[in-house]
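Contents: one structure, followed by commentary.
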Ligand code: UN1
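In my numbering, the protein residues as written are 93 to 590.
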């Protein structure tokens, strides 16, 4: 199916501006969009404030109804949107569809949540008083998303923000603006079926880094949720903090797996391959570091290499492909630099080279790489957004956990073991220091029901399930006096006479 056909399905004009969008599948131009200038962004923020003022008055379960309708649109257009994700981002169609499914799932979650935005009641120390905690809508929420999950990550934020009574402003990656416009078109359909949705409740802001900076700086936006590199978060976080805004940061990961002597190697192999080569190693949750116990190393690693040697690499829209292209040339060059460094640091590399360059001279397909490292050298400690799996041996479990935690990032982690003591140790306070810790499951492909995010350079934010919704609301402690007196807290006596 051609790009034009998919775009017309969403009523998107292929050319509406100067910024060219290319498919990483073959490098072909698939559309042109216009960026918003400073005045347009300013106007959109003002419109978002107005939409918020109306939306916050709508009862939350009714707000949930809008998200329910949006979920229906996603179900009806899952195939087309999945294809567009695949075409614009380069992940294989199965993963493009999975991404849309993740959107549907978070919509379902948010619909239920719209009837569960509750606080606690608290025992007051004063007679005839009641204390309670309330959650109110926060305001416009800016969502800055990355190319690798062009639609799902927005939905984790937006579905929650909308039931919480907030308006949303979405700045997608400049590499994937078309999927954002397609999602916006589906949202508009849901909004028109709903009826009286305030205008501009959900908007898209297109642009480069400076567009994101404008949103980060603007005090009219109380919450900024940003997904991307640690470098981006390091710049954006302080800008939001300087005006006392709240940021939800989901930044780099350098996720690991520990394979213990008792591990089910068949399961471990499936998990390793899916999480290390899936999305061509371009997930925040991709597996990058593999610690294998010396007792199973010689068994596991050759099998892994054999699977790598037979991986179907090719166009992401073709059935059977498991490894699609990298997003662009800079991604390919970063991968080659990392492999060069790995070799210089004593690594033995298998794979990693470019492939299919004759068929697709303007696309960057690679053989996923396995780098057997003598140690956790500097290149292993940094995140390279590419399919490179650093493999290391270990002898002692506690040392493996220490090494596991020795990197600056803290997103996702896992252990493969049948030994309960090891599993529990990994999940305990002195175990994995990541936001996500799994037993006998790879680090990627998290469900939406749990809070998603991580510690240290991953930024500390939590999105999607559990009680992540609280970040999109403001908490208010309310105390009511229904007595005939005015007792003061802490027993303070303050006598102003009769
Ligand atoms: C990301 O890479 O930014 O856990 C998000 C996963 C997906 C989301 C990844 N559910 O791999």
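From the three backbone atoms N, C-alpha and C, an ideal C-beta is built for every residue, glycine too.
Q. Hey, how far is the Cα of residue 322 from the Cα of residue 265?
A. CA-to-CA, the gap between residue 322 and residue 265 works out to about 15 angstroms.
Q: Within its chain, find whatever has a CB closer than 7 angstroms to the CB of residue 279; leave out the 5 residues flanking it on each side and keep chain order.
A: The beta carbon of residue 279 sits closer than 7 angstroms to the beta carbons of 162, 294 from its chain, once the five residues preceding and following it are set aside; these are given in chain order.
Q. Shortest alpha-carbon distance to residue 218 belongs to which of 347, 579, 588?
A. Per the Cα distances, 579.
Q) Per DSSP, what kind of secondary structure is residue 352 in: helix, strand or coil? A) Under the three-state reduction of DSSP output, residue 352 falls in the coil class, being neither helix nor strand.
Q: Would you check whether ligand 1 has a heavy atom nearer than 8 angstroms to the C-beta of residue 241?
A: Checking the Cβ of residue 241 against ligand 1 gives yes.
Q: State whether the stretch 449-461 contacts the stretch 121-138, with contact taken as three or more CB pairs (one from each stretch) at a distance under 8 angstroms.
A: No: fewer than three Cβ pairs fall under 8 angstroms.
Q.
Pop quiz: residue 404 and residue 415 are said to be a contact at Cβ under 8 angstroms. What is the actual Cβ separation, rounded to whole angstroms?
A. 7 angstroms between Cβ atoms; contact.
(Q) I'd like the ranges of any alpha helix (DSSP H) spanning at least 4 consecutive residues and lying wholly in the stretch 321-381. (A) Counting only runs of 4 or more residues that sit fully inside the stretch 321-381, the alpha helix (DSSP H) segments are 322-334, 357-369, in chain order.
Q. Would you say residue 352 touches ligand 1, meaning its beta carbon is less than 8 angstroms from a heavy atom?
A. No, ligand 1 has no heavy atom inside 8 angstroms of this Cβ.
**Q.** Backbone CA spacing between residue 239 and residue 392 [nearest angstrom]
**A.** Here the alpha carbons of residue 392 and residue 239 stand approximately 33 angstroms from one another.
**Q.** Given residue 361 as reference, the closest of 336, 400, 325, 333 once Cα atoms are compared
**A.** Residue 400 is the option with its Cα nearest to residue 361.
**Q.** Cβ-based neighbour list, residue 572, same chain, cut-off 7 angstroms, excluding 5 preceding and 5 following
**A.** The answer, listed in chain order, is 221, 222.
**Q.** Nonlocal neighbours in the same chain, by C-beta distance under 6 angstroms from residue 304, ignoring five residues either side
**A.** Excluding its 5 nearest sequence neighbours in each direction, residue 304 has C-beta neighbours in its own chain below 6 angstroms: 236, 263, listed in chain order.
**Q.** Of the listed residues 456, 117, 253, 329, nearest to residue 564 (C-alpha basis)
**A.** Checked all of 456, 117, 253, 329; the closest Cα to residue 564 is 253.
Q: Could you say which of 319, 350, 477, 389 lies nearest to residue 505 if we only look at CA atoms?
A: Among 319, 350, 477, 389, the Cα nearest to that of residue 505 is on 350.
Q: May I ask you to list the residues that DSSP assigns as paired with residue 227?
A: Residue pairing of residue 227 in beta bridges, as defined by DSSP: 567.
Q) Which whole-angstrom value is the C-beta distance of residue 531 and residue 515, which I expect to be below 8 angstroms? A) Contact flag correct, Cβ pair sits at about 5 angstroms.
Q: Answer with buried or exposed for residue 486, where buried requires no fewer than 16 other C-beta atoms within 10 angstroms of its C-beta.
A: Burial is judged here by how many other beta carbons sit within 10 angstroms of a residue's own beta carbon; residue 486 has at least 16 and is buried.
Q | Three-way DSSP call (helix, strand, coil) for residue 506 in this model | A | Correct three-state label for residue 506: strand.
Q. With a CB to CB cut of under 7 angstroms and the five nearest residues on each side skipped, what residues in its chain are close to residue 472?
A. Excluding sequence neighbours, residue 472 sits near 381, 465, 482.
Q: Measuring alpha carbon to alpha carbon, tell me which of 433, 546, 477, 149 ends up nearest residue 230.
A: Looking at the Cα atoms, 149 is the closest of the given residues.
Q: Please classify residue 155: is it buried, with 16 or more other beta-carbons within 10 angstroms of its beta-carbon, or exposed?
A: Residue 155 is buried by the Cβ-count criterion.
Q) According to DSSP, is residue 549 helix, strand or coil? A) Correct three-state label for residue 549: coil.
Q | Test item: CB-CB of residue 521 and residue 493 under 9 angstroms | A | Against a cut-off of 9 angstroms, the Cβ pair of residue 493 and residue 521 comes out as no contact.
Q. Does the stretch 336-355 come close enough to the stretch 543-558 that 3 or more CB-CB pairs lie under 8 angstroms?
A. Three or more Cβ pairs drawn from the stretch 543-558 and the stretch 336-355 lie within less than 8 angstroms of each other, which places the two stretches in contact.
Q) For residue 177, is the beta carbon positioned less than 8 angstroms from some heavy atom of ligand 1? A) Flag unset: Cβ of residue 177 not near ligand 1.
Q) Looking at residue 137 and residue 261, is the spacing between their C-beta atoms short of 9 angstroms? A) Their beta carbons are under 9 angstroms apart, which means residue 261 touches residue 137 by this criterion.
(Q) For the structure I just gave you, are there three or more beta carbon pairs, one from the stretch 547-555 and one from the stretch 184-192, closer than 8 angstroms? (A) Remark: fewer than three beta-carbon pairs, one from each stretch, lie closer than 8 angstroms, so the stretch 547-555 and the stretch 184-192 are not flagged as touching.
Q) Under a Cβ-count criterion, where at least 16 other Cβ atoms within 10 Å of its own Cβ denotes burial, should residue 583 be classed as buried or exposed? A) The residue in question, residue 583, is exposed, as its Cβ has fewer than 16 Cβ neighbours within 10 Å.
Q. Taking 8 angstroms as the line, does the beta carbon of residue 506 fall inside it for any heavy atom of ligand 1?
A. No - ligand 1 has no heavy atom lying nearer than 8 angstroms to the Cβ of residue 506.
**Q.** residue 617 beta carbon near ligand 1 (any heavy atom closer than 8 angstroms)
**A.** Within the shown structure, residues of the chain are numbered from 93 to 590, placing residue 617 beyond reach of any answer.
(Q) In the DSSP assignment, the alpha helix (DSSP H) including residue 541 goes from what residue to what residue? (A) Note, residue 541: premise wrong, no alpha helix (DSSP H); not H, not E.
**Q.** Inter-residue spacing [alpha-carbon to alpha-carbon] between residue 200 and residue 160
**A.** Rounded to the nearest whole angstrom, the CA to CA distance from residue 200 to residue 160 is 7 angstroms.
Q: Flag residue 245 as yes when its Cβ comes closer than 8 angstroms to any non-hydrogen atom of ligand 1, and as no otherwise.
A: Correct: residue 245 has its Cβ closer than 8 angstroms to ligand 1.
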